[in-house]
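Numbering (the numbering used here), first residue to last: 21 to 344.
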Amino acid sequence: MVGIILASHGEFAEGILQSGSMIVGEQENVKAVTLLPSEGPDDIRRKMEEAIASFETDEVLFLVDLWGGTPFNQANTLFEDKKDKWAIVAGLNLPMLIESFTARFSMDKAHDIAASLIDVAKDSVKVRPESLQPAESKAATATEEPSKPLPEGTVVGNGRIDIRLARIDSRLLHGQVATAWAKDVNPTRIIVVSDDVAKDDLRKSLITQASPPGIKANVVPIDKMIEVWNDPRFGKTRALLLFENPTDALRVIEGGVEIEEVNVGSMAHSEGKVMINNVLSVDEKDVEAFKKMRDLGVTFDVRKVPADQRKDLWSLLKKTKYMN
Numbered sequence: 021m022v023g024i025i026l027a028s029h030g031e032f033a034e035g036i037l038q039s040g041s042m043i044v045g046e047q048e049n050v051k052a053v054t055l056l057p058s059e060g061p062d063d064i065r066r067k068m069e070e071a072i073a074s075f076e077t078d079e080v081l082f083l084v085d086l087w088g089g090t091p092f093n094q095a096n097t098l099f100e101d102k103k104d105k106w107a108i109v110a111g112l113n114l115p116m117l118i119e120s121f122t123a124r125f126s127m128d129k130a131h132d133i134a135a136s137l138i139d140v141a142k143d144s145v146k147v148r149p150e151s152l153q154p155a156e157s158k159a160a161t162a163t164e165e166p167s168k169p170l171p172e173g174t175v176v177g178n179g180r181i182d183i184r185l186a187r188i189d190s191r192l193l194h195g196q197v198a199t200a201w202a203k204d205v206n207p208t209r210i211i212v213v214s215d216d217v218a219k220d221d222l223r224k225s226l227i228t229q230a231s232p233p234g235i236k237a238n239v240v241p242i243d244k245m246i247e248v249w250n251d252p253r254f255g256k257t258r259a260l261l262l263f264e265n266p267t268d269a270l271r272v273i274e275g276g277v278e279i280e281e282v283n284v285g286s287m288a289h290s291e292g293k294v295m296i297n298n299v300l301s302v303d304e305k306d307v308e309a310f311k312k313m314r315d316l317g318v319t320f321d322v323r324k325v326p327a328d329q330r331k332d333l334w335s336l337l338k339k340t341k342y343m344n
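So, in structure tokens, the structure goes:
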């Protein structure tokens, strides 16, 4: 796996590494090196050399904060003898870091990962009001979905929406979903399925604005999701479905939507709920919904992010009185 060095003036590199790990998961072969106010060029160069020595790979990618700054200059002096296997990218931001983490699962060359980061880093820079966005950045990303409304009864593709991931997450569309999971399942749409959220104009607006570049986000009530499932005009839609709770997921499945597996990512704690791990809390209603889905043939994948190891839902639920 390609080694990654994050280098910055001050503690920025350490902070962004913590942020990236929160979203994608803990990472191997990644080091943050910092140039503190009391230090000079030799200090950060030494830290870089120590980080490189700790890697079990010859492929190294430097992500630095500023082109021409001391961290960049010291990385550049080390880079001269390793141009065939090392790469440097300046202008480090969080989307760039997340992309570099996920790219390592499919790319084993620092050069290839570096080349993949530029567009991601640029596309993540957005502004509101949208009128301030440069014209060249407003072009919509093309998808395979039809660009105009189609007559009712039109069959597109195989006539059935492709559900790439169905996830229970009380936070709905947030960093882990917009980056790690969207990268993993490659949807054309992220669909939040919730009667409650569909009635809340503010939450709907925030969700649609949080959609990652090139992916549409929609909020629909449960009956509408069942209707979409039976509408052949959505045959080229690749969907990532998000549910706030197991009950909503169960209602969709009972309505005929074919979901074979549900990813259980995050269920917030509230009064009357029992913690079964550090991100999942359940009550009797939740457990009953899980049981009914199981009886309908649904399996469960307990993971916050794709890089995590799958955990067994039923082993976790044994901690509660609701399984007795």
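Ideal Cβ positions, reconstructed from N, Cα and C, are used throughout, including at glycine.
Cα-Cα separation, Q229 to A237: Rounded to whole angstroms, Q229 to A237 spans 8 Å at the Cα level.
Per DSSP, cross-strand counterpart(s) of G30: Paired residues: none, contrary to the question.
S225 (DSSP reduced to helix, strand or coil): It is helical.
Nonlocal neighbours in the same chain, by C-beta distance under 6 Å from A107, ignoring five residues either side: So the qualifying residues of the chain are L81, A130, H131, A134.
Cβ separation of I138 and T199, assumed to be a contact under 8 Å, to the nearest whole Å: Contact flag wrong, Cβ pair sits at about 17 Å.
Contact the segment 256-266 vs the segment 177-188: 3+ CB pairs below 8 Å: Enough Cβ pairs lie closer than 8 Å, so yes.
Contacting residues, own chain, Cβ-Cβ under 7 Å from D78 (five flanking each side not counted): Its chain contains K105 as the residues whose beta carbon lies nearer than 7 Å to that of D78, once the 5 sequence neighbours on both sides are disregarded; these appear in chain order.
Beta-carbon gap between P91 and V176 smaller than 8 Å: Not closer than 8 Å, so no.
DSSP state of D62 mapped onto helix, strand, coil: Here DSSP, grouped into helix, strand and coil, assigns D62 to helix.
For W106, the three-state DSSP class (helix, strand or coil): Strand at W106.
Beta-carbon spacing of L323, R314 below 8 Å: One point to set straight first is that residue 323 is Arg, not Leu, in the sequence displayed. Not a contact, by the Cβ cut-off of 8 Å.
Helix, strand or coil at N49 [DSSP, three-state]: Note: N49 maps to coil in three-state DSSP.
Beta-bridge partners of D321, as assigned by DSSP: Its beta-bridge partners are N283.
Residues near R124 in its chain [Cβ-Cβ closer than 6 Å; skip 5 each side]: These residues qualify, in order along the chain: M21, V22.
Nearest-angstrom Cα separation, counted from G45 out to E76: Rounded to the nearest angstrom, the two C-alpha atoms are 20 Å apart.
Rounded C-alpha distance that separates Q232 from G255: It should be noted that the sequence gives Pro, not Gln, for residue 232. The alpha-carbon of P232 is positioned some 22 Å away from that of G255.
Whole beta strand (DSSP E) elements within the segment 188-266, 3-residue minimum: You should have 209-213, 236-240, 258-263.
Same chain only: Cβ atoms within 7 Å of T340, ignoring 5 sequence neighbours per side: Cβ within range, chain order: V294, I296, V302, V307.
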